[in-house]
Every structure is written in C-alpha cells, then in structure tokens.
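In this note's numbering, the protein residues as written are -6 to 261.
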C-alpha cells in the first residue's frame, strides 16, 4: 500500500507501506528513493515486520519543492510521516545520506517513537573533511560533483555510481539503479549535495541512546569505513558489523548478509 502524506502545506511525501508488525522505517540515500531497498522489501515483510519506505521530498514519487533539503527539515518530514501513520516502537534505518537524516531525527525529536536505529553506510558524522576530521571527500570535490550535475546530470550521476558497488553488477542493474537517481528533481539533488558538503554531526551523536546497528563496507569509496568507527565511538549503544566484500552499496554487494544482520538486530 502506498500513502501520500502531507508533511508541510502543499508538500506530500510518498510512503511505501508493506506488511504488518513492528514498523521498520527505511530512509534512502542520495540521489535515490525507497526503491533502492527492493531486496529488503522482498524479505523483511515476510519475516513479520512492516516495511515503511519514505521518498524524501524532491525524490522518487514525493513532491519536489524548491526548498527544504537540509537535514533538519528532512528529519521534520520523517516526524510528520511517523505521526500521520501513528507508528510506535519503530526501528529507523538510514542509508548514506539517509543516515545523518535519521541521526538528526533522533537528536532533534528526542528519539520520538523510535526504539532502535540502523545506520547503513551512513554519511556521518560528516560526509566531507573538516578541521580535525580527515575522512571522506574534500568539500571542493563535492563542488566538482555539483558542477558536473549542473552541466550533465545523467553523466555526473553515472560517474558517481561507478564507485558505488564493491562487487560486479550487471549492465541491467546498473541501468535500473542509475534511473532511480534520475527520478529525483535536479534542484533537490543539488541542494542535498550542498547539505552533504556542509552539515556536521560530530558534536551531536552522543545524544543518541537507543541500541544502534552500524553496517558498513570496508571497500566503501564514498563513505569510508572510518565513518563507522567514528560513529561507534560517539554512540553509546552502537554495534559495528563490517562487510568485508562490500563497497558503499552493501545492501546489494552482500544482500544476504545485509538482510540477515538486519533481521537479527530486529529480533533482539
């Protein structure tokens, strides 16, 4: 079942809602949408959980306003979905850009209705290198990506996607995956890239208190494995499970292990 939920006046998000049981809310990465979780949608509802996949504003089948692509506004949108669907005792999962947005939700909304957190190849605590933080892309490299998107978005996103997976993928999968990114608005894609470049959660993650699962690929070229090690140090109840053979796209690189670890965490 799909819902269109108004999160702000005249702005509605599309939410995929499959199965019954404890809700597991999945937040997608940049510049994708909830359909990136196809191989989790196939499995998790079969195991007695309710899959909730949110398309962020500007992405997938959600409305595409001009503004509101900072982490706080996107987290507020998640709160609106949780309240509209009356989700309780939910698990929140964020992949890549969805990771810091999930973390921002936990911080800004004081873990409202969330009992567990999953950060999956998360672009946190900071996606770019900062003073005292030498991991990730340089801000200037994100600027180059932004320039590439403004010049030729399909080509720039294809180049970005070429480093996504640590395992070989079929041409057909590559095409399907690339098309997910092209469903997003161009201006939302650009604004989110700027948020990824500029936002920094390093001093805030310690306020997260719920059990937290960190899944991260050792071969990740987009969000280096050191991100997960930093998050593990800052979140008191964090458990880190490395994916030895995965790049950024561990949800497909090692999807059987990925689903197994998620379900084991949900079952605890």
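The C-beta atom is built at its ideal place from N, Cα and C for all residues, glycine as well. This structure is a prediction, so every number in the text was calculated from the model and none was measured.
Asked	Found
Give me the Cα-Cα distance between residue 193 and residue 100, rounded to the nearest whole angstrom.	13 Å
Just to confirm the assignment: which complete alpha helix (DSSP H) runs, minimum length 4, are found wholly within the segment 22 to 57?	31 to 34
Should the segment 104 to 116 be regarded as contacting the segment 199 to 218, the criterion being three or more beta carbon pairs within less than 8 Å?	yes
Hey, how far is the Cα of residue 173 from the Cα of residue 197?	31 Å
Does the Cβ-Cβ distance between residue 14 and residue 30 come in under 8 Å?	no
If you follow the alpha helix (DSSP H) that residue 150 is part of, which residue opens it and which one closes it?	132 to 154
When you compare each of 73, 179, 11 and 129 to residue -1 by their alpha carbons, which one comes out closest?	73
Taking only the alpha-carbon atoms, compute the straight-line gap between residue 33 and residue 27 and give it to the nearest angstrom.	10 Å
Note the first and the last residue of the continuous beta strand (DSSP E) segment covering residue 219.	Where residue 219 is concerned, there is no enclosing beta strand (DSSP E), although the alpha helix (DSSP H) it sits in stretches over 218 to 227.
When you compare the CB positions of residue 154 and residue 113, do they come within less than 8 Å of one another, or not?	no
To the nearest angstrom, how far is the alpha carbon of residue 148 from that of residue 25?	15 Å
Return the bridge partner residues of residue 123 from the DSSP annotation.	126
What residue does the beta strand (DSSP E) around residue 231 start on, and which one ends it?	231 to 236
When the Cα atoms are used, what is the spatial distance from residue 254 to residue 237?	14 Å
When the Cα of residue 187 is compared with those of 56, 234 and 142, which residue comes out closest?	142
Pull the bridge partners of residue 16 from the DSSP assignment, please.	43
Is residue -3 helix, strand or coil when you go by DSSP?	strand
If I'm right that residue 189 touches residue 135 with Cβ under 8 Å, what's the distance once you round it to whole angstroms?	7 Å
How far does the alpha helix (DSSP H) with residue 71 in it reach, from first residue to last?	64 to 77
Report yes if the CB atom of residue 195 is closer than 8 Å to the CB atom of residue 93, and no otherwise.	no
Taking residue 59 as the reference, which of 181, 156, 252 and 39 has the closest Cα?	181
When the Cα atoms are used, what is the spatial distance from residue 69 to residue 18?	14 Å
Count the CB pairs spanning the segment 78 to 87 and the segment 209 to 229 that are closer than 8 Å, and state whether there are at least three.	no
For residue 257, count neighbouring C-beta atoms within 10 Å of its own C-beta (all shown protein chains included) and say buried if the count is 16 or more, exposed if not.	exposed
Starting from residue 181, follow the alpha helix (DSSP H) in both directions and report where the run begins and ends.	179 to 191
State the beta-bridge partners of residue 9 as determined by DSSP.	-5 and 46
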